[in-house]
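Sequential numbering from 1 applies to the sequence shown in the UniProt record's numbering.
Don't be surprised by glycine CBs; every beta carbon is placed ideally from N, CA and C.
Here the structure comes first, spelled out in structure tokens, and everything after it is commentary.
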Amino acid sequence: MSIQPTAMTLEVLIRNLFGPVLIGLVIGAMLSGITVVQFMMFVRNSRGDPLGQKLIVWFLWALGIFHIVVTVHPVYYYLVSHPASFIIVWSFHVHILLFVIISETAHWIYIARIWKITASTRKLIPVVMVLLVSANLAIQIVMNIRIFQSLDLETLQAFRKGPIVVWVLAISISINLLVSVSLGWTLARASTNLCWTNSNFSMLLAYFINTGASASVVSLLALITLLASSDTFIFLAMEIVLSQLHINSILGMINARHYFQPHKAGPPATLLLPSDTSSQHCHSIKAPQQLSKTINEVGLPLFQPSTKSEDIKMLEVVVKQEAHSSEI
Numbered sequence: 001m002s003i004q005p006t007a008m009t010l011e012v013l014i015r016n017l018f019g020p021v022l023i024g025l026v027i028g029a030m031l032s033g034i035t036v037v038q039f040m041m042f043v044r045n046s047r048g049d050p051l052g053q054k055l056i057v058w059f060l061w062a063l064g065i066f067h068i069v070v071t072v073h074p075v076y077y078y079l080v081s082h083p084a085s086f087i088i089v090w091s092f093h094v095h096i097l098l099f100v101i102i103s104e105t106a107h108w109i110y111i112a113r114i115w116k117i118t119a120s121t122r123k124l125i126p127v128v129m130v131l132l133v134s135a136n137l138a139i140q141i142v143m144n145i146r147i148f149q150s151l152d153l154e155t156l157q158a159f160r161k162g163p164i165v166v167w168v169l170a171i172s173i174s175i176n177l178l179v180s181v182s183l184g185w186t187l188a189r190a191s192t193n194l195c196w197t198n199s200n201f202s203m204l205l206a207y208f209i210n211t212g213a214s215a216s217v218v219s220l221l222a223l224i225t226l227l228a229s230s231d232t233f234i235f236l237a238m239e240i241v242l243s244q245l246h247i248n249s250i251l252g253m254i255n256a257r258h259y260f261q262p263h264k265a266g267p268p269a270t271l272l273l274p275s276d277t278s279s280q281h282c283h284s285i286k287a288p289q290q291l292s293k294t295i296n297e298v299g300l301p302l303f304q305p306s307t308k309s310e311d312i313k314m315l316e317v318v319v320k321q322e323a324h325s326s327e328i
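Structural data, given as structure tokens:
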């Protein structure tokens, strides 16, 4: 389809090209709101986390917000302010660049966790993942250079129909699937004496978040929409959703150790209440809650050797009060 500046092609441009991008932007903004909630949860529970993990979370959160803001600009530019313009605006290129940075950062974070939880004899798995992600990064750099060289929508439309875009999406799907399967397998074999969660639904949800399997599903949908609708920008809408989903998956993986944590009440605490003549014992109903270690803690926090948490010990405090007689 050749794009010409006529009233007919203008309607097609708005409906088929940037209409799906607007829908993807709305969904991405909703996911960005969930990202903010997860970020606040991390800030509240991350006092003991290493600085490297905090910087990664802050970086991804800021990058996700900036990605949504940058994506709003080309949608507004083509649909509202300059509907007859066929020149590729600068924010369109920045959007694609941010998507690559977010997706590759998510892949490397998952590989870092796989590296931490695999034994020294099974380092072949993360090494293979490093090679695949590096190859995918090189291909995406070449593709983005070609996209940056496109000066108008007609050139971009012709390039999008080429095989390189299909190959990039196919490789990304393969990487996401391999990351999910590898991380799930290593988590299952990391410690057999740890439970997932306290219910089957929570177990499936924790697995879906911990391994980034949701990103694999959306990546597959992006490839299907590209092949099924070759004259639209639906795959760009899927990329907006996928970038926010990558960030939510990483934050969900880090926060899963908190909101998937089954709480168990510890032994009752003993309180000794004073009296005038003797000490009386009173048992409290519940002691402070103790956290049960689950599969969500394996390999976390990142970028620091794991430390064993000490059990909370109850201290028995005895307060005695003696009665003294006073004479006036």
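C-beta atoms of residue i and residue j nearer than 8 angstroms
i                : j                 : result
valine 21        : phenylalanine 42  : no
isoleucine 102   : leucine 63        : yes
leucine 300      : arginine 257      : yes
phenylalanine 66 : glutamate 239     : no
leucine 31       : isoleucine 250    : no
alanine 222      : phenylalanine 235 : yes
glycine 252      : glutamine 53      : no
leucine 132      : isoleucine 175    : yes
serine 91        : valine 70         : yes
histidine 93     : phenylalanine 148 : yes
glycine 28       : valine 241        : yes
isoleucine 88    : leucine 153       : yes
proline 126      : histidine 95      : no
threonine 186    : threonine 118     : yes
alanine 237      : isoleucine 23     : yes
asparagine 144   : leucine 97        : yes
The alpha helix (DSSP H) enclosing residue i, as first and last residue numbers
i              : result
valine 80      : Where valine 80 is concerned, there is no enclosing alpha helix (DSSP H), given that its DSSP letter is neither H nor E.
leucine 31     : 19-45
isoleucine 141 : 124-148
leucine 300    : No alpha helix (DSSP H) contains leucine 300, which DSSP labels as neither H nor E.
threonine 118  : Neither: threonine 118 is in no alpha helix (DSSP H) and is coded neither H nor E.
residue 371    : No answer is possible for residue 371: the residues shown for the chain start at 1 and end at 328.
Which of helix, strand or coil DSSP assigns to residue i
i                : result
alanine 222      : helix
isoleucine 87    : strand
glycine 212      : coil
proline 50       : coil
phenylalanine 92 : helix
threonine 105    : helix
serine 229       : coil
Can you find at least 3 beta carbon pairs, one from the stretch 131-141 and one from the stretch 164-175, that sit closer than 8 angstroms?
yes
Check whether the stretch 122-138 touches the stretch 244-254, taking contact to mean three or more Cβ pairs, one atom from each stretch, closer than 8 angstroms.
These segments do not touch.
Sufficient close CB pairs (3 or more, under 8 angstroms) joining the stretch 110-126 to the stretch 174-182
By the C-beta criterion, the stretch 110-126 is judged to be in contact with the stretch 174-182, since at least 3 inter-stretch pairs fall below 8 angstroms.
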